[in-house]
Structures are given as structure tokens and as C-alpha cells.
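Undergrad:
In the working numbering, the protein residues as written are 60 to 430.
(1) For residue 163, which of helix, strand or coil comes out of DSSP?
(2) Output the distance between the C-alpha atoms of residue 136 and residue 354, rounded to the nearest integer angstrom.
(3) Helix, strand or coil for residue 144, going by three-state DSSP, please let me know.
(4) Here's the rule: buried if 16 or more other CB atoms are within 10 angstroms of the residue's CB, otherwise exposed. What is residue 420?
(5) Taking 8 Å as the threshold (C-beta atoms), are residue 408 and residue 347 in contact?
(6) Can you check the segment 174–231 for any beta strand (DSSP E) of at least 3 residues that lies completely inside it and give the ranges in chain order?
(7) To the nearest angstrom, report how far apart residue 309 and residue 400 are at their CA atoms.
(8) In terms of DSSP beta bridges, what is residue 395 paired with?
(9) Can you name, in chain order, every residue of its own chain whose Cβ lies under 7 Å from the Cβ of residue 298, other than the five neighbours on each side?
(10) How big is the Cα-Cα spacing for residue 311 and residue 212?
(11) Any idea what DSSP makes of residue 253, helix, strand or coil?
(12) Buried or exposed for residue 90, please, with buried defined as at least 16 other CB atoms from any protein chain shown within 10 angstroms of its CB.
(13) Determine the DSSP secondary structure at residue 276, reduced to helix, strand or coil.
(14) Enumerate in chain order the residues of its own chain whose CB-to-CB distance from residue 60 is below 6 Å, with the five nearest sequence positions on each side excluded.
(15) Taking DSSP as the reference, what is the three-state secondary structure of residue 131?
(16) Using the C-alpha atoms, what's the distance from residue 115 back to residue 69?
(17) Candidates 64, 397 and 394: which alpha carbon is nearest residue 191's?
(18) For the alpha helix (DSSP H) that contains residue 79, what are its first and last residues?
(19) Residues in the same chain with beta-carbon distance under 7 Å from residue 180, minus the five sequence neighbours each way, listed in chain order, please.
(20) I'd like to confirm the pairing. Which residues does DSSP put opposite residue 169 in its beta bridges?
(21) Just to confirm, is the Cβ distance from residue 160 to residue 145 under 8 Å?
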């Protein structure tokens with residue numbers, strides 16, 4: 060058995076927060092328990108989620124992202140020059156406001172001892188002969204995008220006169236943290252990246268035109284920051300990327316096929332595998348997969364985490380074989396389209412329904428590949 064991700068049946072990383080964790084966080088906010096007591100509850104919940112992953116027959120383990128409030132912002136707070144505050148602001152998803160902490164620059168971006176590396180060390184102790192630990196962090200492009208959104212643009216320009224300077228510092232900081240993960244024993248790192256999903260479709264093109272920005276320039280910068288961050292990466296460290304169009308409380312941020320970004324991320328991004336959202340029509344068809352470079356594996360996110368209904372097994376298998384017209388079947392893998400709880404709020408399904416989804420992923424993979 061390979062000890063590297065992806066596996067024929069895999070998942071993106073986040074899991075629904077258990078009630079014990081939700082209750083402990085609420086008590087901590089009210090001052091009813093100490094930080095150390097909260098940490099103990101989180102640790103216990105991670106031990107439990109790891110056991111459940113193993114019991115489900117999976118070969119990859121994550122900590123469910125239980126230590127985070129947000130899938131991406133918490134990681135950014137672990138760098139010098141970044142601060143945040145809760146203001147009640149957010150990002151408009153499809154019919155719902157995703158309430159996020161404002162996250163912005165207070166100086167030049169520099170790496171320091173990142174707390175996520177310590178979080179990984181706790182997870183790594185549960186590796187065994189059948190499982191490997193995977194850690195998920197936002198892609199460098201996501202960090203870059205966060206700092207150039209309209210509400211942050213003026214603040215960022217106080218410290219960086221150009222995007223090129225910003226990209227360089229983000230890349231160097233990521234190189235440092237990737238090495239920190241490696242030194243801690245991490246051999247499977249996943250870069251979660253909504254930036255490619257946010258610039259597909261006509262709506263994105265119009266949005267950038269209104270800002271007076273050429274969308275092809277944006278794509279070049281996203282690719283540049285991701286690839287620069289991966290320069291000098293350890294040769295025996297698997298680094299994958301997960302791409303989706305937003306996942307908050309079962310809602311989405313954007314829609315559009317991969318056609319307009321395939322020449323960039325599919326063909327040129329220097330990752331080992333792509334976890335791709337493909338759970339509904341918003342993602343378009345499989346034809347863009349023809350642009351995936353031959354050194355990459357593709358994990359098809361054909362099972363949705365947004366709804367509890369189980370997919371039809373035969374229809375999913377048919378879609379896998381349809382995708383195999385563009386990428387050979389032996390380079391294809393299967394997973395849900397995203398995590399079950401990109402933010403603490405989670406998606407609109409139960410823990411039991413979450414595990415039923417993963418059981419289905421495994422059953423289909425075993426039928427298709429004999430995994």
C-alpha cells in the first residue's frame with residue numbers, strides 16, 4: 060500500500076464539529092472553562108475523529124480542522140505582519156452571508172514558528188502501518204487574494220508597493236512553513252484553494268473588468284505565488300491542491316467550469332494531485348481535464364458534502380468513466396467535493412449522514428479500482 064496521498068478513496072479534510080466541542084467553545088467564550096480545559100476537549104474530540112476515520116477504513120487521517128474557526132484565516136494569523144478582528148462582516152455566498160473575521164496586514168509578512176505545525180505533531184502520533192496524517196492549509200494564492208480584496212487593498216499598499224513584492228514575501232514565508240511541517244514529520248500537505256474557483260465564469264470576468272484589472276493577469280499571479288511557494292520543497296513530501304467554489308453552511312460562492320483556468324492550474328501548477336469539485340453542474344464538464352499535466356493525479360469530488368442525500372452509485376461510476384476519457388483511470392481517485400465543515404458552522408447534514416457519504420465513496424472506489 061502506498062503511504063502517500065491521494066488514496067483511491069479519500070477526503071478533503073474537515074469534519075462536522077461534535078457537540079462536545081461546540082459546547083466547550085461556547086463555555087470558553089462565556090468564561091466558564093479555562094483555555095487548558097478547552098484544549099483537552101479538543102484533543103479528546105480529535106482522538107475520537109481519528110478513530111472514526113480509521114474505523115471507516117480510510118488510509119488518511121486529519122484532525123478534522125477542529126482547532127480552527129475558519130478553514131483559511133486561522134492559518135494566516137500564524138504569520139508576522141497579519142492581524143484580525145471579529146466585526147460581523149463577511150462574504151456573500153448563495154443566499155447567505157459567511158461571517159468571517161477581518162484579516163489584514165499590519166506589517167511585512169514573515170514566517171515564525173507556526174502553531175499549525177504543533178497541531179500537526181499532535182495528529183502525527185496516530186499514524187500507523189495503515190494510515191498517514193494529512194494536514195490542510197490555505198494555498199499561497201488564497202493568502203495573496205485575501206490581502207488584495209477591496210477592503211484590504213489600501214492597507215496592503217502601506218507595506219507593499221506592488222503585487223510582485225507581496226507575492227515574493229508570501230512565497231518565502233510559505234517556503235519556511237512548509238519546511239517546518241517537513242521537519243515535524245509531515246509528508247502529506249494539502250493546499251486548499253478557492254481562488255481558481257472564484258475566477259471561473261463570466262461573473263468573475265465582469266467583476267475584474269469593473270475593477271480595471273485584466274483577469275489573465277490575475278491568473279498569472281495566482282499561479283506564480285503558488286509555484287514560488289513550492290520552490291525548494293522536499294522531494295519526498297507530497298503536496299496536493301484542493302479547488303472548489305466555496306463551501307459555507309451548504310452554500311457556495313461561485314459557479315463556472317474549469318475551462319478558463321485549466322491552462323494555468325491544471326497544466327502548470329507544481330502539485331502532485333488535484334482534488335477537484337465536481338459534485339454538480341456548477342463545475343461544468345470533464346473536458347478541461349485534458350489539460351492536466353501527466354505528472355498529476357486527479358481526485359474527482361463527485362460526492363457532495365452540501366446535502367445529506369446519497370448519490371446514485373451507478374451514476375457516479377459512470378461519471379468516473381466519463382472523466383477517464385480525459386485522464387487515464389489509473390490516475391483518477393474519488394472523494395467528496397469539499398470538507399464537511401469548512402468553517403465551524405458546518406454543512407447541513409448530521410454526523411451519521413457524513414459517515415454514510417464516506418462509506419459510499421469507499422464502496423464506489425473499491426468497485427471501480429478494487430481499492
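Think of the CB as a built atom: it goes at the ideal place given N, C-alpha and C, for glycine as much as any other residue.
TA: From the atom records:
(1) Here residue 163 sits in strand by DSSP.
(2) For residue 136 and residue 354, the distance between alpha carbons rounds to 33 Å.
(3) In the three-state reduction of the DSSP assignment, residue 144 falls in the strand class, which pools E and B.
(4) Buried, because 16 or more other Cβ atoms sit within 10 Å of the Cβ of residue 420.
(5) Cβ distance not < 8 Å, so residue 347 and residue 408 don't count as in contact.
(6) With a minimum length of 3 residues, the continuous beta strand (DSSP E) runs that stay inside the segment 174–231 are 194–197.
(7) Annotation note: pLDDT 47 at residue 309 (below 50); position unreliable, coordinate value reported separately. The straight-line gap from Cα to Cα measures roughly 9 Å.
(8) As a beta-bridge residue in DSSP terms, residue 395 pairs with 362.
(9) If we look at residue 298 and ignore the five residues flanking it on each side, its Cβ neighbours are 248, 250, 289, 292, 330 and 331.
(10) Interpretation of residue 311 is limited by its pLDDT of 45, a score under 50 that renders its predicted location unreliable; the figure taken from the coordinates is listed afterwards. Rounded to whole angstroms, residue 311 to residue 212 spans 24 Å at the Cα level.
(11) It is coil, neither helix nor strand.
(12) Flag for residue 90 reads exposed.
(13) Three-state result, residue 276: helix.
(14) Because the pLDDT at residue 60 is just 44, under 50, the model does not fix this residue reliably, and the value given afterwards should be weighed accordingly. Excluding positions up to five away in sequence, the list is empty.
(15) For residue 131, the secondary structure class from DSSP, reduced to helix, strand or coil, is coil.
(16) Cα-Cα distance, rounded: 11 Å.
(17) It is 64 whose Cα lies nearest to the Cα of residue 191.
(18) Per DSSP, the unbroken alpha helix (DSSP H) holding residue 79 starts and ends at 78–88.
(19) The answer, listed in chain order, is 243.
(20) DSSP lists 139 as partners of residue 169.
(21) Pairing residue 160 with residue 145 gives a Cβ-Cβ distance under 8 Å.
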